[in-house]
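Since the structure comes first, as structure tokens, the remarks are kept for the end.
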Amino acid sequence: MKNNRHCYFAPLRLRGGGDNELDNTDSNSTSGDMGAGGSQKRGPTSPGGLPAKLPRTSETSEINDLIGFLEQTVLQEKDKKKLGVMVAEKMLTKIARLRTVTQSLAHENYRLVGELKGKDDALNQSLTVFIGKLEAKNAETCGLSAELEALKTTASQDPCTAQQPSYASKAAKAIQRVPRTETAPKLTAAPQTKSRKTVNKEQMAKSRKTKATSRFLIEIPQDMTVASAKAGLWQAVRAKCSNPKAKTIVSGKSLVIIPDDANTLEVIRSMNNFIEIGPRKPRVIIYDVDGGISKDELTECLLAQNAELGITAEDMGNSVPLHKLGPRNGDAVHWVMEVPPSVLAKMENKLVYIGMTRCRCKLHSTLPQCYNCQQYGHTSARCEQKTPSCRNCAGPHDSRTCNEDGVKCVNCKGPHKASSGICKARGQATRSLLRRTDFGSPQ
Numbered sequence: 098m099k100n101n102r103h104c105y106f107a108p109l110r111l112r113g114g115g116d117n118e119l120d121n122t123d124s125n126s127t128s129g130d131m132g133a134g135g136s137q138k139r140g141p142t143s144p145g146g147l148p149a150k151l152p153r154t155s156e157t158s159e160i161n162d163l164i165g166f167l168e169q170t171v172l173q174e175k176d177k178k179k180l181g182v183m184v185a186e187k188m189l190t191k192i193a194r195l196r197t198v199t200q201s202l203a204h205e206n207y208r209l210v211g212e213l214k215g216k217d218d219a220l221n222q223s224l225t226v227f228i229g230k231l232e233a234k235n236a237e238t239c240g241l242s243a244e245l246e247a248l249k250t251t252a253s254q255d256p257c258t259a260q261q262p263s264y265a266s267k268a269a270k271a272i273q274r275v276p277r278t279e280t281a282p283k284l285t286a287a288p289q290t291k292s293r294k295t296v297n298k299e300q301m302a303k304s305r306k307t308k309a310t311s312r313f314l315i316e317i318p319q320d321m322t323v324a325s326a327k328a329g330l331w332q333a334v335r336a337k338c339s340n341p342k343a344k345t346i347v348s349g350k351s352l353v354i355i356p357d358d359a360n361t362l363e364v365i366r367s368m369n370n371f372i373e374i375g376p377r378k379p380r381v382i383i384y385d386v387d388g389g390i391s392k393d394e395l396t397e398c399l400l401a402q403n404a405e406l407g408i409t410a411e412d413m414g415n416s417v418p419l420h421k422l423g424p425r426n427g428d429a430v431h432w433v434m435e436v437p438p439s440v441l442a443k444m445e446n447k448l449v450y451i452g453m454t455r456c457r458c459k460l461h462s463t464l465p466q467c468y469n470c471q472q473y474g475h476t477s478a479r480c481e482q483k484t485p486s487c488r489n490c491a492g493p494h495d496s497r498t499c500n501e502d503g504v505k506c507v508n509c510k511g512p513h514k515a516s517s518g519i520c521k522a523r524g525q526a527t528r529s530l531l532r533r534t535d536f537g538s539p540q
């Protein structure tokens, strides 16, 4: 019996651990602080502190009932001696802490619900004001529309108003009363600025219309200056022609004479020491020709496959395929041909059949550019300049070794590379080429 009483008053061991387990847990945390260290401060509660009494809802009532049940159970078990005093006190402390935390959460929830309700009420009030203003504007618009319709009806029923002439009829009568001798001032439109492309196209067309004539070249002796050479030439021409008309261009140590009339042309042609350079034949470029087509096959295909263009055997006899452009070993290349003016008129801007390909034809007015001196009209293989000129910065070095950041054209001194398509020197060289090309008489 003594043993039974000893067992009855023995501390009750809970599932998952006994008093030792609770003691270990409590040794690491202060009572009621849910694991917060002794040196740490708990964060502040929500603004306003805890309320004296929370509003009673189903959730809070249920939580209070559960916590009250736990407290009552612990107290009963403590009175029955089934729980140790220390264990019961610790459990009651934890339950009290649970009640405090639950009340804090409930208070914060009610505060947030109140804020949300206040914002919702303010939004509804603003919406009501906006709807009222919108309805007022709508009513004002309807009133103005009704007033306008009433004015229209009154104006149509008033005979005096209906007979009044309109502004258009008054203006028409005023124009009819103006005498024919009086002319109204004309409004001149402001001149439109032409684009660079349009100006360049017009200049090319003008250069092409210039009649090409023979040029004459004479070398200046080493012991003679350019001025003395021009003076001696002038005296020699004046001796045979009283009124010569010609243009003289200095090209290095040579003089280029371009006669402007037939009389001067015959006089200079009869003189010695002049090298005559006839007008240049036009050239046409044929795009996207099969890479396997040879020179002979090219002329044969042009003659046999393009009868609708009126190309004859004599035309092909006077035409010479010069060279290819593009990748020479590629599937398609561009052929450049020198043709008479009559053949150019038949092929320019036309489509021709060559083999199994239909190719475009255009006037070829591109000049070769030297990679050594960057000048136009020759290639580096025929360049006589010993010191190279850089294509990028115009410096006296090879373009492939240039390390300069700035860009400068060696020909026109502009802020671009010498190979740029916007170079003024390129345009001048192209226009000069067109002026020296014989395009025949205009149709």
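Reading the sequence shown from the start, the letters are residues 98 to 540 in our numbering. Backbone N, C-alpha and C define an ideal beta-carbon position, used for all residues, glycine too.
task: Could you tell me the boundaries of the beta strand (DSSP E) in which V386 lies?
output: In this chain, the beta strand (DSSP E) harbouring V386 covers R380 to D387.
task: Assign P341 to one of two classes, buried (16 or more other C-beta atoms within 10 Å of its C-beta) or exposed (fewer than that).
output: Buried, since its Cβ has 16 or more Cβ neighbours within 10 Å.
Per DSSP, cross-strand counterpart(s) of F313: Answer is I354 and E373.
- request: Give the C-beta separation of V449 and L399 to the nearest angstrom, bearing in mind that I take them to be a contact with Cβ-Cβ under 8 Å.
  value: A Cβ-Cβ separation of about 6 Å places V449 in contact with L399 under the 8 Å criterion.
field: Chain-order list of residues whose beta-carbon lies under 7 Å from that of L464 (same chain, five-residue window excluded)
entry: In its chain, beyond the 5 residues on either side, Y473, G474, A526, T527 and L530 have a beta carbon closer than 7 Å to the beta carbon of L464.
Residue from L362, P437 and W331 whose Cα sits closest to the Cα of V381: Closest option to V381, Cα to Cα, is P437.
- request: Please name the residue, chosen from K483, R488, A478 and W432, that lies closest to H461 on a Cα-to-Cα basis.
  value: Checking every option, the nearest Cα to that of H461 belongs to W432.
N-terminal and C-terminal residue of the beta strand (DSSP E) that R533 is part of: Careful: R533 lies outside any beta strand (DSSP E) and carries neither H nor E.
message: One question on the structure: do D535 and A309 come within less than 8 Å of each other, judged by their Cβ atoms?
response: In this structure, A309 lies closer than 8 Å to D535 by Cβ.
message: Tell me the residue span of the alpha helix (DSSP H) that contains P438.
response: Element bounds for P438: P438 to M444.
task: Sort A410, C480 and C470 by Cα distance to D495 and report the nearest one.
output: Restricting attention to A410, C480 and C470, the CA atom closest to the CA of D495 is found in C470.
task: Measure the C-alpha to C-alpha separation of K178 and L195 and round it to an integer number of angstroms.
output: When only Cα atoms are considered, K178 and L195 end up about 24 Å apart.
task: Note the first and the last residue of the continuous alpha helix (DSSP H) segment covering S348.
output: Bounds of any alpha helix (DSSP H) do not take in S348; it lies within the beta strand (DSSP E) bounded by A343 to S348.
Three-pair Cβ contact test at 8 Å for the segment 344-358 versus the segment 376-392: No contact exists between the segment 344-358 and the segment 376-392.
- prompt: Quick one: Cα of K505 to Cα of C480, how far?
  reply: So the two alpha carbons sit approximately 21 Å from each other.
message: Just to confirm, is the Cβ distance from D387 to T454 under 8 Å?
response: Going by C-beta atoms, D387 is nearer than 8 Å to T454.
- prompt: What are the boundary residues of the beta strand (DSSP E) that V430 is part of?
  reply: Per DSSP, the continuous beta strand (DSSP E) segment holding V430 begins and ends at A429 to E435.
- request: Kindly give me the distance between the Cβ atoms of Q402 and I451, rounded to whole angstroms, as I take these residues to be in contact under 8 Å.
  value: That belief holds up - the Cβ atoms of Q402 and I451 are roughly 7 Å apart, short of 8 Å.
message: Quick check on DSSP: helix, strand or coil for T454?
response: It is a strand residue.
- request: With DSSP as the reference, please indicate the residues paired to P418 in a beta bridge.
  value: P418 has M434 as its beta-bridge partners, per DSSP.
message: I'd like to confirm the pairing. Which residues does DSSP put opposite Q466 in its beta bridges?
response: Partner(s): Y473.
Identity of the residue in I160, E159, I390 and L441 nearest D412 by Cα: The option with the nearest alpha carbon to D412 is L441.
message: Let me make sure I understand the geometry here. Which of S477, S516 and M188 has the alpha-carbon closest to that of C490?
response: It is S516.
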